[in-house]
Amino acid sequence: MKLKYLAFLPVAIFAGNTFAQTVLTVSSWLPPTHTASKAQKEWCDLLEKNTSGKMKCNMLPRGVSPAPGTYDAIKNGLADISYTVHGYTPGRFVYTQMGEFPFLGNSAESISVAFSKVTAKYPQFAAENTGVKVLTLFTHGPGIVFNTKRPITKAADLDGLKFRIGGGMVNEISKTLGMNATLKPAPDSYELLAGGVMDGTLFPAESTESFRIDKIIKHATTFPGGLYNTSFVFLMNQARYDKLSAEEKKAIDAISGETAARIFGRGWDKVDTRAFALMQANGVQVTKADAKFVAEIKSKTSALENKWVKEAEAKGLKDAAKVLAEFRAEIAKQEK
Numbered sequence: 109m110k111l112k113y114l115a116f117l118p119v120a121i122f123a124g125n126t127f128a129q130t131v132l133t134v135s136s137w138l139p140p141t142h143t144a145s146k147a148q149k150e151w152c153d154l155l156e157k158n159t160s161g162k163m164k165c166n167m168l169p170r171g172v173s174p175a176p177g178t179y180d181a182i183k184n185g186l187a188d189i190s191y192t193v194h195g196y197t198p199g200r201f202v203y204t205q206m207g208e209f210p211f212l213g214n215s216a217e218s219i220s221v222a223f224s225k226v227t228a229k230y231p232q233f234a235a236e237n238t239g240v241k242v243l244t245l246f247t248h249g250p251g252i253v254f255n256t257k258r259p260i261t262k263a264a265d266l267d268g269l270k271f272r273i274g275g276g277m278v279n280e281i282s283k284t285l286g287m288n289a290t291l292k293p294a295p296d297s298y299e300l301l302a303g304g305v306m307d308g309t310l311f312p313a314e315s316t317e318s319f320r321i322d323k324i325i326k327h328a329t330t331f332p333g334g335l336y337n338t339s340f341v342f343l344m345n346q347a348r349y350d351k352l353s354a355e356e357k358k359a360i361d362a363i364s365g366e367t368a369a370r371i372f373g374r375g376w377d378k379v380d381t382r383a384f385a386l387m388q389a390n391g392v393q394v395t396k397a398d399a400k401f402v403a404e405i406k407s408k409t410s411a412l413e414n415k416w417v418k419e420a421e422a423k424g425l426k427d428a429a430k431v432l433a434e435f436r437a438e439i440a441k442q443e444k
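FYI, this note's numbering numbers position 22 of the sequence shown as 130, with every residue one higher than the one before it.
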């Protein structure tokens, strides 16, 4: 009897020191050094901290899919959580193009928080992301025109140059400006520019560092509020979320929405600032678009907002113009 007790004792002690732990698999199509990957990990660390270790993330060493396939990879359960660009699947998303217009704002954090707050009021935005749980929507920083050839001070200077773009509203913007643009994922930029396949790219400042093009590009043109922006979704497999306990769902929800958007946006702003210093160190000529150039851009792109309003309302978003105005007002509020 004594031997039986001793044999059982280690097992009893081990069992007493363990607790049920929920592990979520997390994928990223960008390297772990990229600000979006770091933000995702920061969110995961916060989840683990808030649940006293009852929930944690398993950060996969490699993405389960290239960028364009990430949305469906999460939808189909290849991983539990990731983020992706809406524009990488053309024609699929309409509502979220609201976060991609010219001249929205000067901070990724302010735009992202406003994007998350306003879209959360309208269920159509989350519903458009079918088959997944939207943790938050966010954006990068102000979009910039980069190229290897010459300064861009007016729309005509874009003629004859080949640009990489990320898709979504920026595709429409590039068309209105008469740009020769090709849709390619951001990680392809280095090879495209280094090999001379493309002459330029539309990016936030951060990407010059993240994709190692800071020594390739020669010219950058900035715009107040950005020439464009990009809508991202931080998403979770819906079935995985549904299987969580009520307490676990509460823990996820508590750090989703505005909290998650702020994490992604704040990190992006930090790298944007650092990237400008890096550009200066590498002799990149930075040109600020003057009032005349800005007016030219506004004139050429103004119809895009009306087009979006019509498409969004046709799809089911009532008073889309008011929603867009509310979004811009919230950005202004966040930037004060």
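Cβ coordinates follow ideal geometry from the N, Cα and C atoms, glycine included.
Does the stretch 269–286 come into contact with the stretch 300–309, if we say contact requires no fewer than three beta-carbon pairs (one atom in each stretch) closer than 8 Å?
yes
Express the C-alpha separation of SER145 and PRO139 in angstroms, rounding to a whole number.
7 Å
Taking 7 Å as the limit between beta carbons, can you name the residues of its chain near LYS262, skipping five residues before and five after?
PHE401, GLU404
Cβ separation of ASP188 and ASN345, assumed to be a contact under 8 Å, to the nearest whole Å
5 Å
Relative to the C-alpha of ARG382, which residue among GLN205, LEU300, GLU317 is closest?
GLU317
Delimiting residues of the alpha helix (DSSP H) encompassing LEU300
297–302
Could you please give me the residues that DSSP links to HIS327 through a beta bridge?
ASN255, GLN393
Per the DSSP calculation, MET167 is bridged to which residue(s)?
VAL134
Among ALA234, LYS378, LYS183, which residue has its Cα nearest to the Cα of THR204?
ALA234
Using a Cβ-Cβ cutoff of less than 7 Å, which residues in the same chain neighbour ILE439 once the five nearest sequence positions on both sides are dropped?
LEU212, GLY213, SER218, ILE219, ALA222
Report back the beta-carbon spacing between ASN255 and LEU269 to the nearest angstrom; my notes put them in contact at under 8 Å.
6 Å
If you count every other CB in all the chains shown that lies within 10 Å of the CB of GLU208, and 16 or more means buried, which is it?
buried
Stretch pair the stretch 172–184 + the stretch 341–356: three plus CB contacts closer than 8 Å
yes
With DSSP as the reference, label VAL242 as helix, strand or coil.
strand
DSSP three-state label for LEU340, please.
What sits at residue 340 in the sequence shown is Phe, not Leu. Strand at PHE340.
How would you label SER410, buried or exposed, when you count the other beta carbons within 10 angstroms and need 16 or more for buried?
exposed
Check whether the Cβ of LEU285 sits closer than 6 Å to any heavy atom of the ligand NAP, and report yes or no.
The ligand NAP is not among the ligands present in this structure, which contains no ligands whatsoever.
GLU419 vs VAL226 beta-carbon contact at 7 Å
no
Buried/exposed call for GLN129, threshold 16 Cβ in 10 Å
exposed
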